[in-house]
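The working numbering numbers the first residue of the sequence shown as -16 and each following residue consecutively. No residue lacks a Cβ here, since even glycine has one placed at the ideal position from N, Cα and C.
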Amino acid sequence: MQLVNDIFEKTDGKICKHCLGRMLSKTVDGEDNVSRAESLNLELNEDDCVICGNIFDKIDEDLFDKIYDKLDFLKVEFDSFIVGSRIDKEIKKRDDEFIEELNLDVEPIKKEINRIIGKRLERELAKEVNFEKQDIIVNVNLIRKPKVRVQINPIFIEGKYNKLVRGIPQTKWPCGKCKGRGCEECNFTGKQYPCSVEELISEHILKATNGYEAKFHGAGREDIDVLMLGSGRPFVLEIKEPKIRKIDLNKLETEINEINQGKTQYHNLKFTHRNRKAEIKVSSPDAYKVYNALVECDEAYDVEKLSELSQLGEIHQQTPIRVSHRRADKVRIKHVLDLSCEVIDETHFEMTIKTEGGLYIKELISGDEGRSQPNVADKLGVKAICKQLDVIEVSEK
């Protein structure tokens, strides 16, 4: 076979069975690359492979002992995995050049390394290699003396939350003075507020999973002084490096809600996929939110003018002054979809308002020094502020 002759000529016969079998993978049948090479009954000088430098000799009992010791040390629970590897740049360069010179369409050397290790782990651990979704990644560094590192992939839990008291932020809020390091002002907690919607659930999930860290991804957020009522706001909780993946979410949900009764509640907890954390943050054209606002005017308003508020329609909002330090300064166009009012007294009324997601309600009421047009205050001809605000519905679209 001409290809075999070309390989021998270029390597002077100094090639291992793994590399020879790889080069012949499209032309010679065999169970694996070693069996392909052995089927040719050729005399090889395997002690000094000019392609891989005999890197496959490092895949030995000592390497597998290192892998098993690492898994035992971490006490990590997993059902699926993949293997990743690092090799010397010169070996990869020689392999790539050899394949290119012979114009071959064969797999690179790292793929062979990963498969050999993966097959044995799959067999001995009774776990599954899964390239699409895996619980852990076994990373093997074969540069010089072999080293092993295990990457534990996160789990993602989806649900909805209600916030039943004011003064709780959605996520952990670092102390403004020490930036989270801890100081006298924050009683050395590093936090601006004692707790958050995030922390009141994450501390329990972290304990159950023996995870390293939690990250909260909400479908928008309400201000710290705003309640989140109704069916709740969607969120995804990301748990990083969980040693335990199989947890009873129904049981945990019940326990967490009992502990946080009167403050926060969490519903419909379920495992989800990585992309879900981005999906819930993207508003579709059909997304909407419903609010209940207590409006306070600085003087008596004309009750007859309340009916004009239903004509607010298209709203042009420049980034509100109160969030301009952390949001891009631009004009956003949003729409009021429905609005109704209930008179309380001559200076107060309640407003139930359905809007597109992203419309700032407090500024819609006050006008925000003219940055929100049209607005409630101008329509009524008096100064008006949002005295109290509740979110009563967040659409799931």
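Three-state class that DSSP yields for residue i in the structure shown
| i | result |
| --- | --- |
| ALA20 | helix |
| ALA367 | strand |
| ILE242 | helix |
| LEU189 | helix |
| LYS93 | helix |
| GLN175 | coil |
| HIS1 | helix |
| ASP(-11) | helix |
| MET334 | strand |
| GLY215 | strand |
| SER290 | helix |
| LYS41 | helix |
| VAL265 | coil |
| VAL180 | helix |
| ILE56 | Note that residue 56 is Phe in the sequence shown, not Ile. Note: PHE56 maps to helix in three-state DSSP. |
| ASP328 | strand |
| THR255 | strand |
| TYR249 | strand |
| GLU141 | strand |
| ARG149 | coil |
| PHE64 | strand |
| ALA270 | coil |
| GLY101 | helix |
| ARG305 | helix |
| PHE47 | helix |
| GLU26 | coil |
| ASP79 | helix |
| LEU400 | Past the boundaries of the shown model lies residue 400; the chain is included only from -16 to 380, so the question cannot be answered. |
| ASP281 | coil |
| ALA276 | strand |
Local Cβ density within 10 Å of residue i, reported as buried at 16 or more and exposed below that
| i | result |
| --- | --- |
| PHE114 | exposed |
| ASP308 | Note that residue 308 is His in the sequence shown here, rather than Asp. Classification for HIS308: exposed. |
| GLU325 | exposed |
| LYS260 | buried |
| THR302 | buried |
| ALA311 | exposed |
| LYS272 | buried |
| HIS200 | buried |
| LEU3 | buried |
| LEU85 | exposed |
| VAL314 | exposed |
Cβ-Cβ distance between residue i and residue j below 8 Å
| i | j | result |
| --- | --- | --- |
| LEU363 | SER355 | no |
| ARG216 | VAL377 | yes |
| GLU221 | ALA197 | yes |
| LEU372 | ALA270 | no |
| ASP78 | CYS35 | yes |
| VAL359 | VAL306 | no |
| VAL133 | LEU54 | yes |
| ILE74 | ILE92 | yes |
| ASP321 | LYS345 | no |
| TYR274 | VAL374 | yes |
| ILE227 | ASN193 | yes |
| GLY296 | VAL319 | yes |
| ASP62 | GLU14 | no |
| GLU60 | LYS229 | yes |
| ASP52 | ILE126 | no |
| GLU141 | LYS(-7) | no |
Rounded distance between the beta-carbons of residue j and residue i, thought under 8 Å
| i | j | result |
| --- | --- | --- |
| PHE139 | VAL219 | 6 Å |
| HIS250 | LYS143 | 5 Å |
| LEU183 | THR255 | With 8 Å as the limit, LEU183 and THR255 do not qualify as a contact, their Cβ atoms being about 20 Å apart. |
| TYR176 | ILE135 | So it is not a contact: roughly 30 Å between Cβ atoms. |
| LYS9 | VAL89 | 6 Å |
| GLU29 | CYS(-1) | 5 Å |
| LEU57 | MET6 | That pair is no contact at about 38 Å. |
Rounded straight-line distance, which links the Cα of residue j to that of residue i
| i | j | result |
| --- | --- | --- |
| ASN16 | ARG103 | 15 Å |
| LEU27 | ARG19 | 13 Å |
| GLY64 | HIS1 | The sequence given here has Phe at residue 64, not Gly. Their backbone Cα atoms lie some 24 Å apart in a straight line. |
| ILE316 | GLN294 | 16 Å |
| MET211 | GLU167 | 32 Å |
| PHE171 | PRO137 | 30 Å |
| GLY67 | VAL131 | 10 Å |
| CYS169 | ILE188 | 25 Å |
| LYS160 | LYS174 | 10 Å |
| GLN408 | GLU339 | Not covered by the structure: residue 408. The range shown for the chain is -16 to 380. |
| GLU95 | GLU224 | 28 Å |
| LYS162 | GLU80 | 52 Å |
| GLN300 | LYS155 | 28 Å |
| LYS116 | ARG257 | 10 Å |
| ASP43 | ALA191 | 36 Å |
| LEU108 | ILE100 | 12 Å |
| GLU352 | ILE368 | 12 Å |
| ASN24 | ILE38 | 22 Å |
| TYR284 | ASP206 | 27 Å |
Any C-beta of chain B under 8 Å from that of residue i
| i | result |
| --- | --- |
| LEU212 | Among the protein chains of the structure shown there is no chain B, as only one such chain exists. |
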